[in-house]
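**Student:** Have a look at this one before I ask anything.
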Amino acid sequence: MSVTKIKMSILLSSFLVLLVGCSSNAEESTPPVEATVDEEEPNEDNKEEITDVYDSDTKFTVFPDTLEGVVSAPTGEFAGEAFANNKEYITEILNQYPTATGGWGSSEADEMFKQIVMLFAEDYQNPFEGNWQEITIEYPDIYGGKSQLKPKLNVEIILDASGSMVEKVDGESKMSLAKEAIREFTSNFPEKANVALRVYGHKGTTAFDDKEASCESSELVYDLQSYDEAALNNALGEFTPSGWTPMAKALKDSMQDLEGLSSEVNTNLIFLVSDGIETCGGDPVKVAEELKQSDIQPLVNVIGFNVDEEGEQQLKDIAESADGVFAYVENQQDLAEQFDRAEEIAQQWLDWMLSEHDRFDKIFKERQKKIDEYYQIWEEKKIREEDNLFKAIEYLAAQGKIDTDVQDYLESEVRSRILDVNSGEVDWEYKYSSKNNDERVNADLESFDTYFENAN
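All letters in the sequence shown, in the order written, are residues -26 to -1, 1 to 430 by mature numbering (1 follows the signal peptide of the UniProt record, and there is no 0).
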């Protein structure tokens, strides 16, 4: 026996002897007192009622029917990990659950299921919430900011075929030089851009008797379409310079040629080639203003071909009224240079179309990659949540908290819950899919794709 134990035995013996002595004296001097036993008061701090186990404060939708409902639901305490990783803590909570009675679909079973889901509900996130940006077409400026390139390019040439175009420059008629410049220009035009040719003043003569008929001569000899060499050459061979100069009428008619081609999605260019002033009483300056205010909003290029001072001033006024540009040319080379500007714009348009489409395609692929990544994340979370819920139900059954009927019911509810979560996944996958991104991007993109597809 150790020393400590011996000392304790001695002290205990002494205490007993003293106690006996005191008891004898007490019996002689005091009357007997009835012994009482105080009932132990419960500790309120440690008191746990089973009814307090359930979380009745948190608002939680077990079966969300929208993507927003899935992603906005509170995340469970044990989300993100397998049941086994937190089994001790989970079972401690489950052990306090009341027994669910009432069978299939009972209120007790429904409440128990809700509480279980609230423990394991995963953190489902919207992959693009807050950082999805609409794609907008980046329209390049042309002509020093006077206009912008748009998904569709349309060019209409309005050629003066009045009698004065028969005059010669460098040994050839102005008309011959103009036709040659047009042939060269259109032959290098992008295949899917559109071009049209309208001529005016090509009927009658410069005689006063022919004025009325000649002033009505404005004809679209090559309809707005992609370049067709044979058809354009045939059109250029159909007229010769002969009559008066109904410039205002030709400009007015060009609005009809381009009708419906809104500047929202079309780059509309007009090249007006003339060697003189309006001679039919029209007001081409006023018509130019109407062009500017119209839906087509064309960029009007006015080319004065070896024009006199009076004619030059009127052509400048036309360009200014249309917010366009004016150029004076003396010969074929000068005229070709003006059409070269249009050719450069056409090439710029084609390069821009291709680069924008490539940019969109890159963005769509990046988004689809992100969608695929989030799809995998959602799949992992769904599988983990489903597995955790089943394990919790199995544990409750093993502990006698639920019978077979309730267990079957709860397991069927798990499957319904996962189906609803899956519906949310399908929702965002569809909403953000590159195949359906027109729901998320603006009308410009839809128009761009539509026209680009038509152009190819």
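From the three backbone atoms N, C-alpha and C, an ideal C-beta is built for every residue, glycine too.
By alpha-carbon positions, which one of ASN396, ALA366, ASP227 ends up nearest to ALA58?
**Tutor:** ALA366
**Student:** Rounded to the nearest angstrom, what separates GLU112 and HIS331 at their Cα positions?
**Tutor:** 11 Å
**Student:** May I have the straight-line CA-CA distance separating SER390 from PHE364, to the nearest angstrom?
**Tutor:** For the pair SER390 and PHE364, the Cα-to-Cα distance works out to about 13 Å.
**Student:** So LYS124 and SER237 are in contact, right, with Cβ under 8 Å, and what is the actual spacing, rounded?
**Tutor:** 7 Å
**Student:** By a C-beta neighbour count over all protein chains shown, 10 Å radius and 16 as the cutoff for buried, is LYS33 buried or exposed?
**Tutor:** Exposed.
**Student:** Report the rounded CA-to-CA distance for ASN242 versus ASP202, giving the unit in angstroms.
**Tutor:** 19 Å
**Student:** With the cut-off set at 8 Å, would you say ALA187 and GLY178 are in Cβ contact?
**Tutor:** yes
**Student:** Give the list of continuous beta strand (DSSP E) stretches no shorter than 3 residues that lie fully inside the segment 147 to 193.
**Tutor:** 168 to 174
**Student:** Kindly indicate which residue of SER46, GLU82, TYR63, GLY50 has the alpha-carbon position closest to the one of LYS375.
**Tutor:** GLU82
**Student:** So LEU235 packs on ASN128, CB below 8 Å; how close in whole Å?
**Tutor:** 6 Å
**Student:** I'd like to know whether the C-beta atoms of PHE159 and GLU311 end up nearer to each other than 8 Å.
**Tutor:** no
**Student:** Cα-Cα, which of GLU283, ASN396, ILE116, LYS290 is closest to PRO272?
**Tutor:** ILE116
**Student:** Quick check on DSSP: helix, strand or coil for VAL395?
**Tutor:** helix
**Student:** Note the first and the last residue of the continuous beta strand (DSSP E) segment covering TYR302.
**Tutor:** 299 to 303
**Student:** Identify whether TYR349 lies in helix, strand or coil by the three-state DSSP scheme.
**Tutor:** helix
**Student:** Excluding the five sequence neighbours on either side, which residues of its own chain have a C-beta within less than 8 Å of the C-beta of ARG315, listed in chain order?
**Tutor:** Excluding its 5 nearest sequence neighbours in each direction, ARG315 has C-beta neighbours in its own chain below 8 Å: ASN275, listed in chain order.
**Student:** For ASP314, list the residues DSSP reports as bridge partners.
**Tutor:** DSSP lists no partner for ASP314.
**Student:** Below 8 Å on the Cβ atoms is my guess for TYR280 versus GLU304; work out the distance and round it to an integer in Å.
**Tutor:** The residue you asked about is not Tyr; residue 280 is Asn in the sequence shown. That pair is a contact at about 5 Å.
**Student:** Going by CA-CA distance only, name the one from LEU384, TRP352, SER136, LYS336 that's closest to LEU41.
**Tutor:** TRP352
**Student:** Between which two residues does the alpha helix (DSSP H) harbouring PHE94 extend?
**Tutor:** 81 to 94 is the span of the alpha helix (DSSP H), which, as asked, contains PHE94.
**Student:** Would you kindly work out how many angstroms separate the C-alpha atoms of GLU22 and PRO72, rounded to a whole number?
**Tutor:** Residue confidence is low: GLU22 scores 43 on pLDDT, short of 50, so the model does not pin down where it sits. Its coordinate-derived value is still stated next. Roughly 13 Å separates the two Cα atoms.
**Student:** In terms of alpha-carbon separation, which member of VAL247, LEU225, VAL27 lies closest to residue 468?
**Tutor:** With the chain covering -26 to 430 only, the question about residue 468 has no answer from this structure.
**Student:** In whole angstroms, what separates the C-alpha of MET221 from that of LYS126?
**Tutor:** 26 Å
**Student:** For THR241, which of helix, strand or coil comes out of DSSP?
**Tutor:** strand
**Student:** Beta-carbon within less than 7 Å of GLY77's beta-carbon, same chain only, minus the 5 sequence neighbours each way: which residues are those?
**Tutor:** Answer for GLY77: ASP379, VAL380, listed in chain order.
**Student:** Taking a contact to mean a Cβ-Cβ separation below 8 Å, would you say GLU165 touches SER216 in this structure?
**Tutor:** In this structure, GLU165 keeps its C-beta atom at 8 Å or more from the C-beta atom of SER216.
**Student:** VAL388 by DSSP, collapsed to three states: which one?
**Tutor:** helix
**Student:** Using CA atoms only, rank isn't needed, just tell me which of ILE156, LEU68, LEU384 is closest to GLY211.
**Tutor:** ILE156
**Student:** For ASN207, report the span of its alpha helix (DSSP H) as first-last.
**Tutor:** 203 to 210
**Student:** Let's test the definition: count the other Cβ atoms within 10 Å of the Cβ of PHE37 and tell me whether it reaches 16, buried, or not, exposed.
**Tutor:** exposed
**Student:** Which two residues bound the contiguous beta strand (DSSP E) that contains LYS126?
**Tutor:** 126 to 134
**Student:** Do GLU130 and ALA170 have their CB atoms nearer than 8 Å?
**Tutor:** yes
**Student:** Quick check on LEU289: does DSSP put it in helix, strand or coil?
**Tutor:** helix
**Student:** Run through the segment 24 to 80 for me and flag every whole alpha helix (DSSP H) of 4 or more residues, listed as ranges in chain order.
**Tutor:** If we require 4 residues or more, the alpha helix (DSSP H) runs fully inside the segment 24 to 80 come out as 41 to 46, 61 to 68.
**Student:** Give the secondary structure of SER216 by DSSP, where H, G and I count as helix, E and B as strand, and everything else as coil.
**Tutor:** If DSSP states are grouped into helix, strand and coil, SER216 belongs with coil.
**Student:** Whose C-beta lies closer than 8 Å to the C-beta of VAL247 among residues of the same chain, with five residues either side of it excluded?
**Tutor:** ILE131, ILE132, LEU133, ASP134, ALA152, ILE277, PHE279, LEU309
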